[in-house]
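*Asks:* In the working numbering, the protein residues as written are 6 to 76.
A virtual CB, placed ideally from N, CA and C, is assigned to each residue, including glycine.
Quick caveat: nothing in here was measured; it's all calculated off a predicted structure.
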Amino acid sequence: MLKAVIVILLLAVVISLFSSLTFLIRDSSRRSRVVNALVVRVVLSVLLLIVIGFALWSGEIQLRPNPATGL
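1. Let me know the alpha helix (DSSP H) ranges lying completely inside the stretch 13-69, each 4 residues or longer, listed in chain order.
2. Can you tell me whether A9 is helix, strand or coil according to DSSP?
3. Would a C-beta distance cut-off of 7 Å place L136 and L53 closer than the cut-off?
4. Taking 6 Å as the line, does the beta carbon of R38 fall inside it for any heavy atom of the ligand ZN?
5. In chain order, what residues of the same chain have a beta carbon less than 6 Å from the beta carbon of I66, not counting five sequence neighbours either side?
6. For V56 and M6, I'd like the C-alpha separation in whole angstroms.
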């Protein structure tokens, strides 16, 4: 379950990054859309790190799984 949340958050971070790039290229005015998109990306990234930390702490994922056991 946590692996799916991690993948969804990672995709949301990438989508937010490309949306801020689109705003940066297309908006010539001094709107704060780029800043808002980057703030969303930072918040999603922090949330992603928290979820990864919780998954490591709970044992759902491992940093170096043993390839012999297939875990």
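*Replies:* The structure says:
1. 38-63
2. Here residue 9 refers to the residue found at position 4 of the sequence shown. Of the three classes helix, strand and coil, the one that applies to A9 here is helix, per DSSP.
3. Only positions 6 to 76 of the chain appear in the structure, and residue 136 is not among them; the question remains open.
4. Questions concerning the ligand ZN fall outside what the structure shown contains, since it holds no ligand whatsoever.
5. Looking up residue 66 in the sequence shown gives position 61. A60, listed in sequence order.
6. One-based indexing of the sequence shown puts residue 56 at position 51. One-based indexing of the sequence shown puts residue 6 at position 1. Near 11 Å, if we compare the C-alpha coordinates of M6 and V56.
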